[in-house]
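K.L.:
Residue numbers (the working numbering), protein chains in the order written: chain F, 254 to 635; chain P, 2 to 398; chain S, 3 to 266.
#1: As a quick exercise: from 138/S, 109/S and 119/S, pick the residue whose alpha carbon is nearest that of residue 2/S.
#2: Could you tell me which chain F residues have their CB closer than 7 Å to the CB of residue 288/P, listed as they occur along the chain?
#3: If we require 3 or more residues per run, which beta strand (DSSP E) segments fall completely within the region 110-174 of chain S?
#4: May I have the straight-line CA-CA distance separating residue 602/F from residue 84/S, to the nearest angstrom?
#5: Which term fits residue 289/P, buried or exposed, when burial requires 16 or more other beta carbons within 10 angstroms of its beta carbon?
#6: Spatial neighbours of residue 137/S within its chain, please: C-beta separation below 7 Å, excluding the five flanking residues on both sides.
#7: Exposed or buried, residue 634/F, counting other C-beta atoms within 10 Å across all chains shown (16 or more means buried)?
#8: If I follow the unbroken alpha helix (DSSP H) through residue 2/P, where does it start and stop?
#9: Just mark residue 254/F as buried or exposed, buried being the case when its beta carbon has 16 or more other beta carbons within 10 Å.
#10: Using a Cβ cut-off of 9 Å, which residues of the region 158-189 of chain S contact any Cβ in chain P, in chain order?
#11: Within 8 Å (strictly less), CB to CB, does residue 264/F reach chain S?
#12: Who are the neighbours of residue 197/S on chain F, taking C-beta pairs under 9 Å?
#13: Restricting to Cα atoms, I'd like to know which of 206/P, 191/P, 184/P and 225/P is closest to residue 229/S.
#14: List the residues of chain S whose Cβ lies closer than 9 Å to the Cβ of residue 392/P, in chain order.
#15: So the alpha helix (DSSP H) residue 289/F belongs to, where does it begin and stop?
#16: Assess, as a yes-or-no matter, whether the region 85-101 of chain P is touched by the region 175-194 of chain P under the definition of 3 or more beta carbon pairs within less than 8 Å.
#17: Compute the beta-carbon to beta-carbon distance between residue 364/F and residue 313/F, rounded to the nearest angstrom, for a pair I have assumed lies under 8 Å.
#18: Does DSSP put residue 54/P in a helix, a strand or coil?
#19: May I have the straight-line CA-CA distance separating residue 403/F from residue 41/S, to the nearest angstrom?
#20: Measuring CA to CA, which of 37/S, 68/S, 67/S and 237/S is closest to residue 214/P?
#21: With a CB to CB cut of under 7 Å and the five nearest residues on each side skipped, what residues in its chain are close to residue 256/F?
#22: State the Cα-Cα distance for the pair residue 405/F and residue 173/S, rounded to the nearest angstrom.
#23: I'd like to know if residue 192/S contacts chain P, where contact means its C-beta is closer than 8 Å to some C-beta of that chain.
#24: Taking C-beta pairs closer than 7 Å, name the residues in chain S that residue 130/P reaches, listed in chain order.
#25: For residue 281/F and residue 149/P, I'd like the C-alpha separation in whole angstroms.
#26: Could you run through the region 200-229 of chain S and flag, in chain order, every residue whose CB is less than 9 Å away from some CB of chain F?
#27: For residue 118/S, decide whether its Cβ has a neighbour in chain P, counting only Cβ atoms nearer than 8 Å.
#28: Taking the C-alpha atoms as reference points, what is the distance between residue 596/F and residue 333/F?
#29: Within 10 Å of its beta-carbon, does residue 77/P have 16 or more other beta-carbons around it, so buried, or fewer, so exposed?
#30: For residue 342/P versus residue 284/P, is the C-beta spacing smaller than 8 Å?
#31: Could you give the DSSP three-state label for residue 95/S: helix, strand or coil?
#32: Helix, strand or coil for residue 298/F? Go by DSSP, reduced to three states.
#33: I'd like to know if residue 401/P contacts chain S, where contact means its C-beta is closer than 8 Å to some C-beta of that chain.
#34: Return the CA-CA distance between residue 104/S and residue 392/P, expressed in angstroms with no decimal places.
#35: Mind pulling the chain S residues with CB within less than 7 Å of residue 220/P?
#36: Between the Cα of residue 70/P and the Cα atoms of 135/P, 44/P, 102/P and 52/P, which residue gives the shortest distance?
And the structure:
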């Protein structure tokens with residue numbers, strides 16, 4: 254369907270698609286097998302100016318928003334969700350600075366982010382604080398003109414590959430969620446190190462590591478926004494980045510459908526191509542419908558968020574749940590359509606199915622998202 | 002010029018369908034000639050109402066063709082040896098010279114040539130122009146080109162043939178341009194037209210999708226390059242006699258702006274795939290570098306060499322010198338076994354004249370089966386080990 | 003370093019199919035693309051400019067539609083694009099093409115008051131496959147040249163050291179600038195267009211030059227200026243007898259080995 258993109262939005266789609274076709278698809282199986290981070294593809298994405306999509310023009314970016322990121326991510330995810338996640342996580346990592354950082358802080362970090370010469374990562378999750386983000390234990394204590402951070406962040410995407418980390422830490426443990434602040438920790442800061450690289454079910458070209466802060470000392474001006482406003486920034490960060498994650502689901506679903514339909518057309522059983530059997534046709538029809546519905550919802554949510562509304566959580570959560578549940582179903586069905594071949598690593602759909610699962614988990618599990626939607630409905634109707 | 006007779010044209014579109022270059026289309030019920038027209042005449046032949054004809058442009062004669070005579074072969078010298086393609090060219094050159102009733106000459110330039118010219122005479126040359134000079138030891142485009150051009154201007158051969166090798170494709174186009182001569186690359190067929198003695202040059206175009214025959218109506222020499230293994234050399238005859246003419250080029254011709262610092266030989270197997278009688282080729286179906294181990298095993302079993310499609314080379318599984326196809330080498334072995342190769346025209350054009358082609362591919366619809374003498378539809382990872390086993394069994398008997 | 007890259011718009015020959023029944027090429031739906039070898043030439047030019055400063059100009063001879071590849075070149079880093087286009091160029095063979103390109107380059111150089119340091123070409127165009135235009139242009143411009151360059155080892159404003167791919171390996175060659183190189187795909191991985199590049203390309207003014215603008219001699223251009231002439235076009239010969247084996251895998255391999263007896 255035609256979504257009436259502007260000329261520039263179409264350029265973004267074309268560039269991301271070319272990167273997927275020329276740079277990602279040829280190597281995705283190998284990256285997956287070797288659990289290898291796609292450094293050179295990240296550099297290709299940087300050279301194509303895509304890292305700067307959401308950075309304001311005054312800092313060297315394109316000045317686009319959620320929708321532009323979603324367009325790029327959808328195309329990159331058609332290639333490999335792992336690669337697309339690496340790109341998305343850098344955006345996620347720098348959003349706190351974009352939303353709440355001082356002018357000096359933005360000037361310090363955004364230009365490099367825009368050129369893709371430095372990447373970011375978001376450090377929120379801990380061993381005891383997943384869905385219950387408020388349960389974080391990492392602390393930050395002011396000592397003279399330095400903050401001292403202590404704690405361990407778990408499962409951080411781009412951990413060890415990025416140079417700029419936005420870490421959520423408690424500046425006042427007694428205040429609970431209202432006692433949290435965000436800090437910029439850079440690769441090389443004293444007391445900052447990485448744990449081992451995780452061995453994951455999917456998105457294996459995305460690097461996931463622990464971040465270890467042991468008396469990590471950073472200058473006082475590294476705090477992002479006002480002390481205690483950490484979780485307000487976190488909520489906004491997650492709200493704005495969810496359509497991007499949803500978009501990964503769109504690209505993944507599309508890639509799966511693009512494998513399933515041609516296969517069904519050429520696979521002959523009982524003397525006919527299997528696409529002529531209703532059982533298969535109905536599966537494909539459902540897959541295509543769900544994909545298109547998800548796309549419409551994600552695009553609408555992204556544009557809604559770009560209009561800076563007072564409330565965006567419901568739209569943001571809805572598109573994330575719908576698109577990622579769709580991706581899980583569509584990739585699973587794609588494997589089913591390809592049958593035995595779909596289960597074999599020489600065909601790309603089994604990787605797609607493995608990649609899909611995480612979409613329902615990270616950036617807020619789909620259960621938490623449903624909580625959010627429920628709560629918003631409750632508020633709306635009172 | 003291709004002229005459309007608007008009175009006769011009925012806008013049926015047959016011309017549009019026939020045109021290989023998309024150069025004639027039907028607009029508002031009339032044929033319109035576009036920019037790509039090469040005056041090949043296919044549409045003229047096919048027009049059912051004779052609404053098309055080709056008018057002479059009034060081309061200016063570039064040379065007096067009668068002043069040019071003789072068939073020449075540029076014999077390629079590198080590292081103390083004459084490239085095999087040169088002997089193959091003497092083979093076809095002999096036939097052309099016979100048809101024209103003229104002498105066949107070879108041009109050999111290099112350093113310390115010794116008796117190499119004798120091998121050219123044994124292979125069919127009536128005359129060998131030898132240019133032996135230390136300045137010709139390294140291959141430098143400008144020097145080789147200047148010497149060759151000077152010789153051609155002096156002796157005015159009617160036809161000059163050269164190998165479409167790295168050296169040939171580098172030097173010959175520049176010489177042809179300088180001489181104002183027509184040059185046809187990668188010819189697969191060469192013959193003399195009986196009516197006027199012109200050289201007809203046939204070659205593949207559009208990535209091998211079509212064949213085109215080309216002539217040089219009013220320029221001389223008529224120049225053509227031919228890929229190795231396309232033509233056949235004569236049986237060398239040591240009894241043949243010929244004249245050796247030593248040429249000492251003027252000093253200015255030997256001056257170069259280019260300097261060769263070193264020559265690095267390829268690391269892979271010594272066998273140049275052009276020479277092999279049996280080639281086992283691997284393509285995308287091998288899935289990764291390790292797949293080539295199977296290919297190598299089969300090649301070793303058959304005493305053949307390994308080649309590859311562009312897909313395998315682009316994927317980094319094997320190096321470029323092994324690549325067969327439009328942008329790689331043209332080979333013509335006795336046996337070509339294509340494993341996991343789809344057989345797209347770009348590859349086919351590089352191996353389709355092999356004596357016997359065997360295709361092993363999982364995909365029944367793969368175009369390779371259209372050109373294979375023997376086709377086996379199956380998983381190469383199962384077929385090849387089985388094939389090796391059976392060959393060994395047969396040998397054991 | 004001021005660099006000129008020659009670019010050609012070609013049909014994507016991997017999609018061109020010959021209909022064996024009608025003996026014609028099925029051209030509908032075949033995309034026009036930048037000749038793949040030229041993408042590598044352009045990329046190399048852009049890299050040299052990134053290293054040395056200067057400008058990269060993309061030049062194409064073709065019908066008005068060829069403007070698309072010049073814009074694509076700009077989106078991939080070229081500073082500007084020139085299209086030399088004229089009905090009179092139609093039907094040009096490689097001799098007439100190299101004449102036209104050389105005349106255009108000389109005209110631009112005269113306007114600039116200086117020569118280009120380097121002219122870059124792809125090794126061959128995938129529709130003609132002759133690899134003749136590059137050396138032809140070098141000859142006409144009297145430039146030292148090297149073909150099939152797989153790597154530029156060193157570069158300064160006045161000289162280059164390159165690797166020239168040969169059939170048996172490669173040679174390391176030094177040459178002065180100005181010069182011309184034709185490149186093979188091994189030389190680099192071309193970048194995809196950048197967003198800023200595409201926006202620049204959209205707004206760019208592509209200069210169009212006619213035969214008169216480059217003072218082309220009408221006897222040297224187009225069909226009239228081409229020493230070679232196409233006499234006939236036909237389908238490649240289909241091969242003879244073909245057999246596809248049947249049976250179990252074991253049986254099929256047995257049959258194959260039997261047929262290959264004479265080669266064992």
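Glycine is no exception: its CB is placed at the ideal position from the N, C-alpha and C atoms.
Please read all numbers here as calculations on a predicted model, not as lab measurements.
P.N.:
So, from the data block:
#1: Missing from the structure shown is residue 2/S; chain S here goes from 3 to 266 and no further.
#2: 599
#3: 120-124, 147-157 and 161-168
#4: Their backbone Cα atoms lie some 45 Å apart in a straight line.
#5: exposed
#6: 147 and 149
#7: exposed
#8: First-last for residue 2/P: undefined, no H or E at that position.
#9: exposed
#10: 163, 165, 166, 167, 168, 169, 170, 171, 172, 173, 174, 175, 176, 177, 178, 181, 184, 186, 187 and 188
#11: yes
#12: 261, 264, 265, 268, 301, 302, 303, 305, 306 and 315
#13: Per the Cα distances, 184/P.
#14: Those within 9 Å of residue 392/P in chain S are 259, 262 and 266.
#15: Premise fails: residue 289/F is in no alpha helix (DSSP H) and is neither H nor E.
#16: yes
#17: 5 Å
#18: strand
#19: 51 Å
#20: Looking at the Cα atoms, 237/S is the closest of the given residues.
#21: Closer than 7 Å at Cβ, skipping near neighbours: 552.
#22: Going from the Cα of residue 405/F to the Cα of residue 173/S covers about 55 Å.
#23: no
#24: The contacting residues do not exist; residue 130/P stays about 22 Å from chain S at best.
#25: 51 Å
#26: 200, 201 and 204
#27: False, the Cβ-Cβ gap to chain P never drops below 8 Å.
#28: About 18 Å.
#29: buried
#30: yes
#31: coil
#32: Secondary structure of residue 298/F (DSSP, three-state): helix.
#33: As shown, chain P starts at 2 and ends at 398. That puts residue 401/P outside it, with no answer to give.
#34: 58 Å
#35: 229
#36: 102/P
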